[in-house]
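Plus 83 on top of the position in the sequence shown (first one is 1) and you've got our numbering.
I have placed the structure first, in the form of structure tokens, so that the comments after it can refer back to it.
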Amino acid sequence: MSFTTRGFSGRRREENPRLPPGQTLFDDWPVLTAGPTPHVDTADWELTIQDETGTDHRWDWDGLLALGVEDVTVDIHCVTHWTKLDMAWRGVSLDKLFQDVESEHEFVMARSYGGYTTNLPLEDLLDGKAWIATEAEGDPLGPEHGGPARLLVPHLYFWKSAKWIRGLTMMADDEPGFWEQNGYHLYGDPWKEERYW
Numbered sequence: 084m085s086f087t088t089r090g091f092s093g094r095r096r097e098e099n100p101r102l103p104p105g106q107t108l109f110d111d112w113p114v115l116t117a118g119p120t121p122h123v124d125t126a127d128w129e130l131t132i133q134d135e136t137g138t139d140h141r142w143d144w145d146g147l148l149a150l151g152v153e154d155v156t157v158d159i160h161c162v163t164h165w166t167k168l169d170m171a172w173r174g175v176s177l178d179k180l181f182q183d184v185e186s187e188h189e190f191v192m193a194r195s196y197g198g199y200t201t202n203l204p205l206e207d208l209l210d211g212k213a214w215i216a217t218e219a220e221g222d223p224l225g226p227e228h229g230g231p232a233r234l235l236v237p238h239l240y241f242w243k244s245a246k247w248i249r250g251l252t253m254m255a256d257d258e259p260g261f262w263e264q265n266g267y268h269l270y271g272d273p274w275k276e277e278r279y280w
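Structure below.
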């Protein structure tokens, strides 16, 4: 006797090799948020990268877009087991932001409007691996999905793609951010199922 309806578990990994272990294919984009949703107008939005000297490198909304917006199509994997394939985004590559930022530190703390933080190795943000995303699936990012801008790091679990991004702080050591302090894995590789400590 079955206690679940047919199709409840979604498409399993063996049917699609692009699904990491434990993931289920979704067509929609679930909204998951810890705490209240910040509402930041593009006129007030600012992104700062702080290097190890304490120097702040700043971009307002127009300054960010002037660096050059790219179209990217990537797969997204959430730690809560959903995956969305071939998701279309627009954003600015972190490579462009770091062109004028010199640092010997190897780690970054992403900081969001609303206080959320998540840690990342710098190498996971460079070489075409990460963007400051401003649009998804043809529309500007709404607040519920991290708009006006969010970090997009598609090769890691989606909690690393911090919503409402406002800054990156260079760090000498890999210090845990919000979810990492609360039991999530320090790195978050979906192919290794690095969900929790």
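By construction, the Cβ of each residue, glycine as well, lies at the ideal position given by its N, Cα and C atoms.
Buried versus exposed, by CB contacts within 10 Å (16 or more), residue i
{"i": "Pro231", "result": "buried"}
{"i": "Arg249", "result": "buried"}
{"i": "Pro223", "result": "exposed"}
{"i": "Ser92", "result": "Since pLDDT at Ser92 reaches only 43, below the 50 mark, its modelled position is unreliable, and no value is offered."}
{"i": "Ala216", "result": "buried"}
{"i": "Arg233", "result": "buried"}
{"i": "Val114", "result": "exposed"}
{"i": "Glu98", "result": "exposed"}
{"i": "Arg101", "result": "exposed"}
{"i": "Gly260", "result": "buried"}
Pick from the options that is closest to residue i, judged by C-alpha positions
{"i": "Gly137", "options": "Asp272, Leu251 and Thr107", "result": "Leu251"}
{"i": "Asn202", "options": "Asp210, His188 and Gly211", "result": "His188"}
{"i": "Leu147", "options": "Gly229, Ala126 and Pro204", "result": "Ala126"}
{"i": "Pro119", "options": "Ala171, His140 and Pro226", "result": "Pro226"}
{"i": "Ala117", "options": "His228, Tyr270 and Asp256", "result": "His228"}
{"i": "Gln264", "options": "Lys246, Thr200, Leu205 and Glu206", "result": "Thr200"}
{"i": "Cys192", "options": "Gly221, Trp262 and Trp112", "result": "According to the sequence shown, residue 192 is Met rather than Cys. Nearest C-alpha to Met192: Trp262."}
{"i": "Asp207", "options": "Arg141, Trp112, Gly271 and Thr163", "result": "Gly271"}
{"i": "Pro237", "options": "Asp257, Asp256 and Leu209", "result": "Leu209"}
Rounded distance between the beta-carbons of residue j and residue i, thought under 8 Å
{"i": "Ser176", "j": "Trp214", "result": "6 Å"}
{"i": "Met285", "j": "Phe181", "result": "As displayed, the chain neither begins before 84 nor continues past 280, which places residue 285 out of reach and without an answer."}
{"i": "Trp247", "j": "Val123", "result": "6 Å"}
Close Cβ partners of residue i (< 7 Å) along its chain, the five nearest in sequence each way excluded
{"i": "His160", "result": "Pro103, Gln106, Thr166, Tyr240, Phe241 and Pro273"}
{"i": "Leu235", "result": "Trp172, Gly174, Ala213, Trp214, Ala216 and Ser244"}
{"i": "Tyr279", "result": "Gly266, Tyr267 and His268"}
Same chain only: Cβ atoms within 8 Å of residue i, ignoring 5 sequence neighbours per side
{"i": "Glu276", "result": "Pro103, Pro104 and Gly105"}
{"i": "Gly211", "result": "Ser176 and Asp178"}
{"i": "Glu153", "result": "Arg173, Gly174, Val175, Ser176 and Trp214"}
Sequence-distant residues of its chain with Cβ nearer than 6 Å to residue i (five each side left out)
{"i": "Phe86", "result": "In this predicted model, Phe86 has a pLDDT of only 35, less than 50, meaning its place in the structure is not dependable enough to derive any value."}
{"i": "Asp139", "result": "Thr131 and Gln133"}
{"i": "Glu220", "result": "Ala171"}
{"i": "Val162", "result": "Tyr240, Trp242 and Arg278"}
Per DSSP, cross-strand counterpart(s) of residue i
{"i": "Trp172", "result": "Val155 and Ala219"}
{"i": "Arg249", "result": "Arg249 is not bridged to any residue."}
{"i": "Ala193", "result": "Thr201 and Leu251"}
{"i": "Lys167", "result": "Ile159"}
{"i": "Leu235", "result": "Trp214"}
{"i": "Asp124", "result": "The partner list for Asp124 (beta bridge, DSSP) is empty, contrary to what the question assumes."}
{"i": "Gln182", "result": "Paired residues: none, contrary to the question."}
{"i": "Asp110", "result": "Per DSSP, none; premise fails for Asp110."}
Any C-beta of chain C under 8 Å from that of residue i
{"i": "Lys246", "result": "Within the model displayed, chain C is absent; a lone protein chain is all it includes."}
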